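This report concerns only the one structure given below.
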Amino acid sequence: MNVFVLNCGSSSLKYQLINMEDEKVAAQGLVEKIGEEISFLKHNTDGDEVVIEENIKDHNQAIEMVLDILQSREHGVIENMDKINVVGHRVVHAGEKFSGSVLITKAVIDALRENIKLAPLHNPANIIGIEVSKKLMPKTPDVGVFDTAFHQSMSAESFLYALPYEWYEENGVRRYGFHGTSHKYVSERGAVILNKDYDKLKIITCHLGNGASMAAIDQGRVVDTSMGLTPLEGLVMGTRPGDLDPGIIPYIMKERDMTIEEVDQALNKASGVLGISGVSNDFRELAEAAEKGNKRAELAVNIFCRRVKKYIGAYIALMGGVDLLIFTAGIGENAVEVRSQILENLEYLGIEIDEVKNNNRGEEIKISSDSSAVDVYVIPTNEELVIAREAKKIVENHIKDVLNDLINENKS
Ligand code: AMP
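Counting in the numbering used here, the sequence shown runs from -10 upward without gaps.
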């Protein structure tokens, strides 16, 4: 079975074609700057990379180009579109509607539309991806895999804010959490590495990328996660502040005569380590600047690490311990010094880092010492593989259900 994994953003898209017999990526790529004068498609197949620059006016044209190149004689990997058995779509916000992946029907699209207000930057692009896919591949099933779904196992004690209850009931104000496919993938992979039963482990996952979030997972269920109604809450991020005193918002609106849109923009794009440092949201550039004596760049990284440490402590307290701590995503997988700083002085909690093992980038590796009571691992995330596995599972279950219905109809 071949799964075409599609992750549509507002002006970009990423894709992979995964052969599920061996879970190998046959082709992958991205389209960037959709709708701008010069857009480009970057396509990779087993060591061969091709870049096509063109004015790609919309997602329809972008996906058409991707499907064409997948079938092309020079750079293609399939003979025709029938070789794509299912399309797996990454969808950011499913609200409370879906706690797992689903086969996409018109009713599902309508439900996702209702959630646009909860993810105005992401859901519209995800929906466009689904609609274009349905148009260009009308016979191929589409499966939606949601960033929020894994966190739906949280209890009300964890997901409710201490706000008027009607805000939850009437306006959907609650913690939803994001990066669910990543937290699910690395935590399940962690249990496999340890050769332990997933349902018996207490795990903390740190997805530290430009967007960053953590999750506490006890016996396979999410006990808590750091992002909330929106991806602004929790950890300090590249350009987002994470946890804040909400009183800051009305205060700064009055002080600086700002509109709510300007504040929203500042919280999403001009805060986080970029806001503190004034240098960059990229940890490589921050490390370089700090090395050259830039105090604000150093401070930004320190504040980032301190927040992660604080959440580790909170999650250990919530779960009554931890067996496995996992780092993933761009910073979690690569920033050796950041991991080292986060894990400093946690021996009291049974966490001991091995600095030699930690001195590795982008690899699946144990970074705790042999005497550490808690296992600490770097596990590169693979959201596309989770989406492909989910898409395969949903389609196979659907086929089974249809067959069972037919058998039952024949019996009656
Ligand atoms: P992501 O959002 O998961 O793609 O992560 C992107 C971020 O990872 C970048 O903005 C950098 O801050 C960080 N990053 C990527 N590579 C490195 C590296 N080699 N060292 C430190 N940070 C890195």
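In this text, a Cβ means the ideal position worked out from N, Cα and C, and glycines have one as well. In this text the structure is predicted, and so the values were computed from the model without any measurement.
Whether residue i touches residue j by CB criterion (8 Å)
i     : j    : result
S357  : I340 : yes
L288  : I265 : yes
V290  : I331 : no
G(-2) : A100 : no
Y366  : I292 : no
G179  : I192 : yes
Y300  : M203 : yes
G84   : G200 : no
Q17   : N33  : yes
K381  : M70  : no
R350  : V325 : yes
R79   : E372 : yes
V(-8) : V66  : no
V91   : I305 : no
V(-6) : I388 : no
I238  : V225 : no
R102  : I117 : no
L307  : A205 : yes
Contact belief for residue i with residue j at Cβ below 8 Å, rounded distance in angstroms
i    : j    : result
G24  : K3   : Not quite, the Cβ-Cβ distance comes to about 16 Å (not below 8 Å), so this is no contact.
M242 : G166 : The pair is not a contact, with the Cβ atoms about 28 Å apart (cut-off 8 Å).
I7   : A15  : 7 Å
I52  : L125 : 6 Å
F29  : E21  : 6 Å
Y174 : L374 : 7 Å
G261 : R295 : So it is not a contact: roughly 14 Å between Cβ atoms.
V81  : S147 : Not a contact, Cβ separation roughly 20 Å.
L197 : D364 : About 18 Å separates the two Cβ atoms, so there is no contact after all.
F135 : F87  : 6 Å
L263 : G227 : 6 Å
D312 : L190 : 5 Å
L275 : A286 : 5 Å
Separation of residue j from residue i, as counted between CA atoms
i    : j      : result
D390 : G133   : 18 Å
G231 : P220   : 8 Å
G77  : E280   : 43 Å
D394 : S171   : 34 Å
G89  : A278   : 43 Å
E177 : A96    : 31 Å
L59  : M(-10) : 16 Å
D131 : G267   : 42 Å
Q451 : K31    : In the structure as shown, the chain starts at -10 and stops at 401, and residue 451 therefore has no counterpart that could be examined.
S1   : L19    : 7 Å
C195 : D57    : 38 Å
L218 : I368   : 27 Å
R210 : D186   : 13 Å
N49  : I119   : 10 Å
M247 : D234   : 18 Å
V121 : N348   : 44 Å
R273 : K128   : 45 Å
I41  : T370   : 28 Å
G223 : E63    : 46 Å
N334 : I342   : 10 Å
Three-state secondary structure (DSSP) of residue i
i    : result
T34  : strand
S0   : coil
G18  : strand
A204 : strand
R178 : helix
I23  : coil
K95  : helix
D213 : strand
I340 : coil
N348 : coil
D364 : strand
I249 : helix
F167 : coil
N8   : strand
K191 : strand
S266 : helix
- Query: Can you list the beta strand (DSSP E) stretches of 3 or more residues lying completely in the segment 30 to 91, in chain order?
  - Reply: 37 to 43, 75 to 80
- Message: To test your reading of the DSSP string, which unbroken alpha helix (DSSP H) runs of 4 or more residues are found completely within the segment 99 to 140?
- Response: 112 to 125
- Just list the alpha helix (DSSP H) runs in the segment 253 to 320, keeping only unbroken ones of 4 residues or longer that don't cross its boundaries, in chain order. 261 to 266, 272 to 280, 284 to 308
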